[in-house]
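Below: the structure, in structure tokens.
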Amino acid sequence: MNAEDCKVTIRLEDRPGELSKILEIIAKNNGNLFSVSHLRERKKEGYLPVLIQFQAAKQGFDGIIRDLEKNNIEVYDKSIGGLKEEKLSTDFILIGHVIDTDLKDTIYKLSADGAMIKALDVGIKSLKDPSSVFVQIAAKDPSSMAKTMASLRDLCKQKKLMLIEELQT
């Protein structure tokens, strides 16, 4: 099999030893490392994006992506042979008694459908007033995103929350 130029951008915890796990995964799947770039200017909440460039056959590339995701390493975008596959993402706002209706449960249910929470921001005046929650999620493909959003709509009906979805252009 022919090796192709590959790129992945991952979200990595900024602490010693984290990168070595990634390099082991690439080596295990017969990847040949070219470069690693820590994008420190985009560091957020102890995590930073890391761009990794390497060569691998398609089967090795697929194994690397699978193993990264299996190890709960978020892959933002990936490309092989110049073909880019970006994760789908969307934003939405929940309004109502989001905290009282168990925000943790809502997050777990979104994750169960294959979505990854990229950002979450809660606005609350007092415990008796409705709250608002901004959420940004990512999914690996359109069907996972559609399943997640359908589950979210059902969940909002059950919990009597208003859902404001991002306009799709």
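For the sequence shown, the tail end lands on 220 under our numbering, and the numbers increase by one without skipping.
C-beta: ideal position from N, C-alpha, C; glycine also.
Note that this is a predicted model, so its numbers are computed, not measured.
In three-state terms, what does DSSP make of residue i?
{"i": "Thr-220", "result": "Confidence in Thr-220 is poor, its pLDDT being 46 and thus under 50, which makes the residue's placement too unreliable to answer from."}
{"i": "Leu-139", "result": "strand"}
{"i": "Lys-210", "result": "helix"}
{"i": "Ala-189", "result": "strand"}
{"i": "Gly-174", "result": "strand"}
{"i": "Asp-56", "result": "strand"}
{"i": "Arg-204", "result": "helix"}
{"i": "Ile-131", "result": "strand"}
Spatial neighbours of residue i within its chain, please: C-beta separation below 6 Å, excluding the five flanking residues on both sides.
{"i": "Ile-29", "result": "Not covered by the structure: residue 29. The range shown for the chain is 52 to 220."}
{"i": "Lys-210", "result": "Thr-152"}
{"i": "Ile-150", "result": "Ser-182"}
Can you check DSSP and say which residues form a bridge with residue i?
{"i": "Ser-182", "result": "Gly-147"}
{"i": "Asn-83", "result": "Gln-106"}
Buried or exposed: residue i, going by 16 or more other Cβ atoms within 10 Å of its Cβ?
{"i": "Val-184", "result": "buried"}
{"i": "Phe-112", "result": "buried"}
What residues in its chain sit with their C-beta under 7 Å from that of residue i, if we drop five residues either side in the sequence?
{"i": "Lys-160", "result": "Ser-202 and Leu-206"}
Going along the chain, which residues of its own chain have a beta-carbon closer than 8 Å to the beta-carbon of residue i, five neighbours each way excluded?
{"i": "Asn-122", "result": "Lys-72 and Ile-76"}
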